[in-house]
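Chains A and B, in that order, are what the protein sequence lines are.
For the first sequence, full-length UniProt numbering gives the first residue as 1, with consecutive numbering after it.
For the second sequence, full-length UniProt numbering gives the first residue as 1, with consecutive numbering after it.
We put the CB at the ideal spot given by N, CA and C, even for glycine.
Note that the structure is a prediction, hence the values are computed from the model and not measured.
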Amino acid sequence: MRYLNSIGEYFLMLKGVFGRMTKRSVLKELIFKEIDQLIIGSLGIVAFLSFFIGGVVALQTALNLNNPLIPKTLIAFAARQSIILEFSPTFISIIMAGKVGSFITSSIGSMRVTEQIDALEVMGVNSLNYLIFPKIIAMLTYPFVIALSMFLGIVGAYSAAVLGGFVGAEEFIEGLQTDFEGFQLFYAFFKTFLFALILATIPAYHGYYMTGGSLEVGKASTTSFVWTSVVIIVTNYIVTQLLLS
Amino acid sequence: MIEIKNLKKRFGDEEILKGIDFVFETGKTNLVIGQSGSGKSVLLKCMLGLFTPEEGTIEYDGNSYSDFTDEEKRALRQEIGMLFQGGALFDSMTVEENVMFPLRMFTKKRKKDLHERVNEVLKRVNLEDSAKKFPSEISGGMQKRVAIARAIVNKPKYLFCDEPNSGLDPHTATIIDNLIHDITVEYDITTVIITHDMNSLLEIGENIAFLKDGVLAWKGDKTQIFKTDDKTVTDFVYTSDLFKKVREAQNQGL
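Below, the structure written as structure tokens:
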């Protein structure tokens, strides 16, 4: 019953977010600020993880490729498929649930604890729109982060496989192009778009409706990370089932 | 003027406000006092429209809040200034940005005019030198003054203060009390202060409502409250030794 209440409350929150809009000039400023904090601020860690995980995927494939009948192009093929279909969209999103999600929950939660949200409401500001709408718009640029992650993942795979001497550059490029379908990119970016909405709204819900003091802000951040990850994984399964099977 | 009539509010089975009638007068500092759990904060939140009372009316200058349309309610909120217990300043903004916030949200003034008004208000609360500082870089008393500046920048008709002195030393608390009182008189606004600070009572208690268990147990002003023999009031007011001694001195005609 508690979960049903929370789900209902979440959708009512979304209705409120798209309710009475904040003044356009203020909103514009907030959106740029959120893009800086949520997106630009995450590029470093995403780039680092993507490059090295791409490298590891290529290395693992190369090291387990013992059968001489299997072509070396499989290294690039496997790296491409893992990175584009799952690692970049899904696992980077789980990592972002920890980084961006916790930030959103704790920043909104702190505002709740220190009565800043009450102050907005008393002034006649739609606090849901003021706090959450700019985050949703900022997260619409999230697919660019994932595009960068895909690119760097493949660069990492190339570096590990080619520079590590497991496969030639031409073979690697050939592997990258093997059986490539544009639909796979559509699938990857479609689910990235859904994950972006999840990443912006579920942590915001946990921050906005939290009660208690600073200790509860920490607890809300943890809960928010768990639920954001769960919803991402379940959504990933459903989207994969619907689009690829 | 704000008039509340037969105000009742309950949460589940528990009745928090049990039919309160009171008039908050314009140009005066109206204090609502009472022990924790007496219903002060609930009363404040009902007046601010954050809680909906089950019964009774709240009239702002003769107009009942419950009859307002959503648009009228929003317009009323822009005539309200609120000083929260902890200040509720926006951490990510400087003092100047905090004070400018209501103006930016609700007026179409030019940037130059906004700055002029903010400087004027900051000067009024003696904080013109702290405009570029962040709330974390100033003291608790200064934060309260910034919050007062933000509350009055839009020239409100009603000012609500929730425990304005909590966490402040007696000297700073007196400064804040006097500032609130002076602004009330200067701007001719209706100020409602929720407090259980006895010094505030002595300083600025021009119209006092004493709540006990959700009921208006006593009303009067600061001179009357120290003369009353009403036991519910004296039990609350003379809790501290200092006030007991003041009472004894009064009785001895000193």
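{"Query": "For residue 212 of chain B, write down the residues that DSSP places opposite it in a beta bridge.", "Result": "B:215"}
{"Query": "For residue 54 of chain B, which residues of its own chain have a beta-carbon under 8 angstroms away from its beta-carbon, when the five flanking residues on both sides are left out?", "Result": "8, 9, 10"}
{"Query": "Quick check: is the beta carbon of residue 86 of chain B nearer than 8 angstroms to any beta carbon in chain A?", "Result": "yes"}
{"Query": "Comparing C-alpha positions only, which one of A:130, A:29, A:64, A:101 sits nearest to residue 16 of chain A?", "Result": "A:130"}
{"Query": "Taking just the CA atoms, how far does residue 101 of chain A sit from residue 200 of chain A?", "Result": "7 angstroms"}
{"Query": "Residue 80 of chain B touches chain A at which residues, Cβ-Cβ below 9 angstroms?", "Result": "122, 123, 124"}
{"Query": "Looking at residue 193 of chain B: is its Cβ nearer than 8 angstroms to the Cβ of residue 29 of chain B?", "Result": "yes"}
{"Query": "Which residues in chain B have a C-beta closer than 8 angstroms to the C-beta of residue 116 of chain A? List them in chain order.", "Result": "88, 89, 90, 91"}
{"Query": "Kindly list, in the order they appear in chain B, the residues whose Cβ is closer than 7 angstroms to that of residue 119 of chain A.", "Result": "82, 84, 88"}
{"Query": "Out of A:79, A:190, A:98, A:122, which has the shortest C-alpha to C-alpha gap to residue 172 of chain A?", "Result": "A:79"}
{"Query": "Whose CA, out of B:215, B:150, B:114, lies closest to the CA of residue 38 of chain B?", "Result": "B:215"}
{"Query": "Thinking residue 139 of chain A and residue 47 of chain A are a contact (beta carbons under 8 angstroms), I'd like their distance in whole angstroms, please.", "Result": "Actually they are not in contact, since the Cβ atoms of residue 139 of chain A and residue 47 of chain A sit about 18 angstroms apart, beyond 8 angstroms."}
{"Query": "Could you tell me whether the Cβ of residue 145 of chain B comes closer than 8 angstroms to any Cβ of chain A?", "Result": "no"}
{"Query": "For chain B, find out if any of its Cβ atoms is closer than 8 angstroms to the Cβ of residue 26 of chain A; answer yes or no.", "Result": "yes"}
{"Query": "So the candidates are A:145, A:111, A:20; which of them puts its Cα closest to the Cα of residue 49 of chain A?", "Result": "A:145"}
{"Query": "Would you list the residues sitting across from residue 191 of chain B in a DSSP beta bridge?", "Result": "B:29, B:159"}
{"Query": "Are the CB atoms of residue 234 of chain B and residue 199 of chain B within a distance shorter than 8 angstroms?", "Result": "no"}
{"Query": "With distances taken Cα to Cα, identify the nearest neighbour of residue 74 of chain A among A:207, A:203, A:175.", "Result": "A:175"}
{"Query": "Under the rule that 16 or more other beta-carbon atoms within 10 Å means buried, what is residue 187 of chain A, buried or exposed?", "Result": "buried"}
{"Query": "Note down, in chain order, every chain A residue with its Cβ under 8 angstroms from the Cβ of residue 102 of chain B.", "Result": "123"}
{"Query": "Is there at least one Cβ from chain B nearer than 8 angstroms to residue 23 of chain A's Cβ?", "Result": "yes"}
{"Query": "Could you tell me the distance, in whole angstroms, from the CA atom of residue 224 of chain A to the CA atom of residue 109 of chain A?", "Result": "11 angstroms"}
{"Query": "Are three or more beta carbon pairs between the segment 127-140 of chain B and the segment 150-158 of chain B nearer than 8 angstroms?", "Result": "no"}
{"Query": "Can you pull the chain E residues whose beta carbon is under 8 angstroms from the beta carbon of residue 48 of chain B, in chain order?", "Result": "Although the question refers to chain E, the structure presented lacks it and instead comprises the protein chains A and B."}
{"Query": "Residue 82 of chain B bridges to which residues according to DSSP?", "Result": "B:160"}
{"Query": "Determine, using beta-carbon pairs with one atom in the segment 79-95 of chain A and one in the segment 146-161 of chain A, whether at least three such pairs fall under 8 angstroms.", "Result": "yes"}
{"Query": "Beta-carbon within less than 6 angstroms of residue 5 of chain B's beta-carbon, same chain only, minus the 5 sequence neighbours each way: which residues are those?", "Result": "21, 56, 57"}
{"Query": "Where residue 211 of chain A and residue 218 of chain A are concerned, what is the direct C-alpha to C-alpha distance, given to the nearest angstrom?", "Result": "12 angstroms"}
{"Query": "Output yes if chain A places a C-beta closer than 8 angstroms to the C-beta of residue 124 of chain B; else output no.", "Result": "no"}
{"Query": "Mind reading off the beta-carbon distance from residue 83 of chain B to residue 148 of chain B? Whole number of angstroms is fine, and I expect it under 8 angstroms.", "Result": "6 angstroms"}
{"Query": "Considering just the uninterrupted stretch of the alpha helix (DSSP H) at residue 21 of chain B, what are its terminal residues?", "Result": "First-last for residue 21 of chain B: 14-24, but that is the beta strand (DSSP E), not the alpha helix (DSSP H)."}
{"Query": "How about residue 190 of chain B and residue 164 of chain B: do their beta carbons lie closer than 8 angstroms?", "Result": "no"}
{"Query": "Would you identify the three-state DSSP class for residue 198 of chain A, choosing helix, strand or coil?", "Result": "helix"}
{"Query": "At what residue ranges does the segment 1-28 of chain A contain a whole run of the alpha helix (DSSP H), taking only runs of 4 or more?", "Result": "2-17"}
{"Query": "Does the segment 58-68 of chain A come within contact of the segment 163-172 of chain A, defined as at least 3 CB pairs closer than 8 angstroms?", "Result": "yes"}
{"Query": "Does the Cβ of residue 251 of chain A have 16 or more other Cβ atoms within 10 Å, making it buried, or fewer, making it exposed?", "Result": "This structure cannot speak to residue 251 of chain A, because chain A is shown only from 1 to 245."}
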